[in-house]
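Chemist: This structure is in structure tokens; I'll ask about it shortly.
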Amino acid sequence: MKLPDKGLDSNVIFETLSAYRKHDLATRGGRTWAYVYDSDRAEIEEIGRKAYTMFLSENGLDPTAFPSLLKMENDLIEMAAHHLNGDNRVCGTFTSGGTESCMLAVKTARDMALANNPEMGRPEIILPVTAHAAFHKAAHYFGLKKVMTPVDPTTYKAEPRAIRDAITNNTVLIVASAVSYAHGVIDPIEEIGRIAEENGILFHVDGCVGAFLLPFFEELGRQVSVFDFRVPGVTSISMDFHKYGYTPKGASMIIYRNRAIRRFQYYACAEWTGYTVINTAIQSSKSGGPLASAWAVVNAIGRDGYLDIARRSLKATDKLISFITNHPDIDLMGQPDMCLVSFTSGSVNIFHLIDEMKQKGWYLQPQLAYDCSKENVHISIDSAGLNQVDEMLSDLSDCINVCNKMEADHGLLSLQSMVAQLDPSSLDEKAFSQMLAIAGLGSVDGEAVLPDRLAGINGALNLLPPELTEQCLIEFFNGIFR
Ligand SMILES: *Cc1c(COP(=O)(O)O)cnc(C)c1O
């Protein structure tokens, strides 16, 4: 588009925006089992929306100019510290999302280690293979070396001994998850906490997806192993509000054991001619909307509301898990500690299964094979999922039957031998574009072109070495965005 010479009428604007939405996944109604979290309570969504727009224009750049934002953030930090069994020294920072929270934990650890030992070598971060991509992104952005450690191939939980063996003089941070996104399991946090403490190394628990809801599962009598500040070695925890806190997007928190650690997260700059900058997190100017809506929604739902949500999610999760464990063609991966479940299959192509489900209006998320984790179907269960789970499982059963009758994919087999012979270093941008075109991916007039069925592409990506998958996706996005 070009900037219109004369501003458009608001009807035209909203009609256009609505039309743009035509191919988006549904965000409400329980048919989308990833990306969105639906509390199934319209009045809660309305409260979040209202608070978001109420503080749309306030700028979080300077909380002394907008004390309301300081107050709301401190309220949420106090709540979070309590929620995670922290004492009154526990402190935190509101952030734009889980990725920002995780990246800050890494930046803080790096800067604290360098301050204590300026002569040290390149800082290292220990990551179990199940740790979220956000930590890889942090290592990439902040120049740390990644040291990856294996997980148990049946439980998908981090191996404490492997973590201990990976420690060097340059280790600045150990990461573990409660729960991991891929398989929904809690790593052995107490054991890893002891290793971190013994070696005087900071230990971050990634509770982005788990930390908010797990305490409510515990209260409902579920077995939840201890992952929070009750574990002495834990020095920071990330926790998203915009996942299982059911608040609008743009809301997460990084929580620290004390201010002596957190100060290494802050950044100030007085070396320019403009206003002096002091930032607690990565963003500088930022809307007060996400913070206000998070404040509003957690207060609107309250403890009883979250307990009810946890109860509903558990009920749906139990139904899903029992379906998977009783079905001869699919296999549950690990024993999920929460309402994130993944399954794989030895007999049906799970990428075709995802396509079949999509045709029936269900969105399930593909996860590619990596290390000991086979390619699988990931399902995040939210409160609204309970209304839909019976219908979803009945369709899933039908779709598995359809996939069972499919011919073996000979195209994929020949691709497999082709991929085995590829030399990644010889591939240039043009070769990738050609590969994308063969796979049916591309763009026309700035719109991404995807084939109706993604099984072919997912199957191909699943076979590629991870570096090539990454390169393919970068070329694809570099093409679809103008
Ligand atoms: C979602 C998630 C993240 C990243 O959070 P975003 O809000 O998507 O940036 C990090 N860790 C875990 C365990 C997650 O589930």
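In the working numbering, the protein residues as written are 969 to 1450. Just so you know, even glycine gets a beta-carbon here, dropped at the ideal spot from N, CA and C.
So what does residue 1059 bridge to, in DSSP terms?
Modeler: Paired residue(s): 1224.
Chemist: Where residue 1000 and residue 1427 are concerned, what is the direct C-alpha to C-alpha distance, given to the nearest angstrom?
Modeler: In a straight line, the C-alpha of residue 1000 is about 22 Å away from that of residue 1427.
Chemist: Can you list, in chain order, the residues of its chain with a C-beta nearer than 8 Å to that of residue 1400? Leave out the 5 residues immediately preceding and following it.
Modeler: Within the same chain, residue 1400 has close Cβ partners 1439, 1440 and 1443.
Chemist: Confirm, please, whether the CB-CB distance from residue 1264 to residue 1015 is below 8 Å.
Modeler: Against a cut-off of 8 Å, the Cβ pair of residue 1264 and residue 1015 comes out as a contact.
Chemist: Spatial neighbours of residue 1313 within its chain, please: C-beta separation below 7 Å, excluding the five flanking residues on both sides.
Modeler: The answer, listed in chain order, is 1297, 1298 and 1299.
Chemist: Please classify residue 1092: does DSSP put it in a helix, a strand, or coil?
Modeler: Strand at residue 1092.
Chemist: So does the segment 1054-1070 actually touch the segment 1245-1256, counting three or more Cβ pairs closer than 8 Å?
Modeler: As far as the Cβ criterion goes, the segment 1054-1070 touches the segment 1245-1256, which means the pair count is three or higher.
Chemist: Look up residue 1275 in the DSSP assignment and say whether it is helix, strand or coil.
Modeler: Residue state, collapsed to three classes: helix.
Chemist: Only counting runs of 4 or more residues, tell me where the alpha helix (DSSP H) segments fall wholly within the segment 1129-1197, in order along the chain.
Modeler: Counting only runs of 4 or more, we get 1157-1167 and 1182-1187.
Chemist: Could you tell me whether any non-hydrogen atom of ligand 1 is closer than 7 Å to the CB of residue 1148?
Modeler: It does: the Cβ of residue 1148 is within 7 Å (strictly closer) of some heavy atom of ligand 1.
Chemist: Using only CA atoms, which one of 1355, 1319 and 1405 lies nearest to residue 1431?
Modeler: Comparing Cα positions, the closest option is 1319.
Chemist: Tell me which same chain residues have a C-beta within less than 7 Å of the C-beta of residue 1136, skipping the five on either side of it?
Modeler: Same-chain partners within the cutoff: 1092.
Chemist: Can you give the Cα-Cα distance for residue 1410 and residue 1275, rounded to whole angstroms?
Modeler: If I take the Cα positions, the gap works out to 45 Å.
Chemist: Suppose you measure from the CA of residue 1198 to the CA of residue 1168; what does that come to, to the nearest Å?
Modeler: Answer to the nearest angstrom: the Cα atoms are 17 Å apart.
Chemist: Specify, as a first and last residue, the run of the alpha helix (DSSP H) that residue 1346 falls within.
Modeler: Where residue 1346 is concerned, there is no enclosing alpha helix (DSSP H), although the beta strand (DSSP E) it sits in stretches over 1344-1348.
Chemist: If you draw a straight line from the C-alpha of residue 1447 to the C-alpha of residue 992, how long is it?
Modeler: So the two alpha carbons sit approximately 20 Å from each other.
Chemist: Work out the CA separation of residue 1138 and residue 1089 for me, nearest whole Å.
Modeler: Answer to the nearest angstrom: the Cα atoms are 6 Å apart.
Chemist: Give me the DSSP bridge partner(s) of residue 1312.
Modeler: According to DSSP, which records beta bridges pairwise, residue 1312 is partnered with 1299.
Chemist: Within 7 Å: the Cβ of residue 1004 and any heavy atom of ligand 1?
Modeler: Checking the Cβ of residue 1004 against ligand 1 gives no.
Chemist: Examine ligand 1 and report whether any of its heavy atoms sits within less than 7 Å of the Cβ of residue 1125.
Modeler: It does not: the Cβ of residue 1125 is nowhere closer than 7 Å to a heavy atom of ligand 1.
Chemist: Should residue 1066 be listed as close to ligand 1, given that the test is whether its C-beta is under 7 Å from any heavy atom?
Modeler: Yes, Cβ of residue 1066 sits closer than 7 Å to a heavy atom of ligand 1.
Chemist: Could you pull the start and end residues of the alpha helix (DSSP H) that residue 1250 belongs to?
Modeler: Run containing residue 1250: none; DSSP gives neither H nor E here.
Chemist: Buried or exposed for residue 983, please, with buried defined as at least 16 other CB atoms from any protein chain shown within 10 angstroms of its CB.
Modeler: Result: exposed.
Chemist: Give a yes or no on whether the C-beta atoms belonging to residue 1151 and residue 1334 are separated by under 8 Å.
Modeler: No; because the gap between Cβ atoms is not below 8 Å, this pair is not in contact.
Chemist: If we call anything under 8 Å between Cβ atoms a contact, is residue 1278 one with residue 1185?
Modeler: In contact: residue 1278 and residue 1185 (Cβ atoms closer than 8 Å).
Chemist: If you reduce the DSSP assignment to three classes, tell me which class residue 1447 lands in.
Modeler: In this structure, residue 1447 counts as helix in the three-state DSSP scheme.
Chemist: Does the separation of the CB atoms of residue 1080 and residue 1232 fall below 8 Å?
Modeler: Yes, the Cβ-Cβ distance between residue 1080 and residue 1232 is below 8 Å.
Chemist: Need the endpoints of the beta strand (DSSP E) that residue 1416 sits in, please.
Modeler: It spans 1415-1417 - the beta strand (DSSP E) in which residue 1416 sits, taken as one unbroken run.
Chemist: Kindly list the residues whose CB is nearer than 7 Å to the CB of residue 1360, restricted to its own chain and excluding five residues on each side of it in sequence; keep chain order.
Modeler: So the list reads 1330, once near-sequence residues are dropped.
Chemist: Buried or exposed for residue 1178, going by 16 or more other Cβ atoms inside 10 Å?
Modeler: Buried, since its Cβ has 16 or more Cβ neighbours within 10 Å.
Chemist: With residue 1352 as the anchor, note down where its beta strand (DSSP E) starts and where it stops.
Modeler: Counting along the chain, residue 1352 falls outside any beta strand (DSSP E), and DSSP gives it neither H nor E.
Chemist: Tell me the rounded alpha-carbon separation between residue 1144 and residue 1157.
Modeler: Roughly 7 Å separates the two Cα atoms.
Chemist: Which word fits residue 1019, buried or exposed, when buried means at least 16 other C-beta atoms lie within 10 angstroms of its C-beta?
Modeler: Burial call: buried.
Chemist: To which residues does DSSP link residue 1411 through a beta bridge?
Modeler: Residue 1411 is bridged to 1416.
Chemist: Identify whether residue 1117 lies in helix, strand or coil by the three-state DSSP scheme.
Modeler: Residue 1117 falls in the strand class under three-state DSSP.
Chemist: Considering only the alpha carbon of each residue, which of 1140, 1412 and 1436 lies closest to residue 1112?
Modeler: Taking only the C-alpha atoms, the option nearest residue 1112 is 1140.
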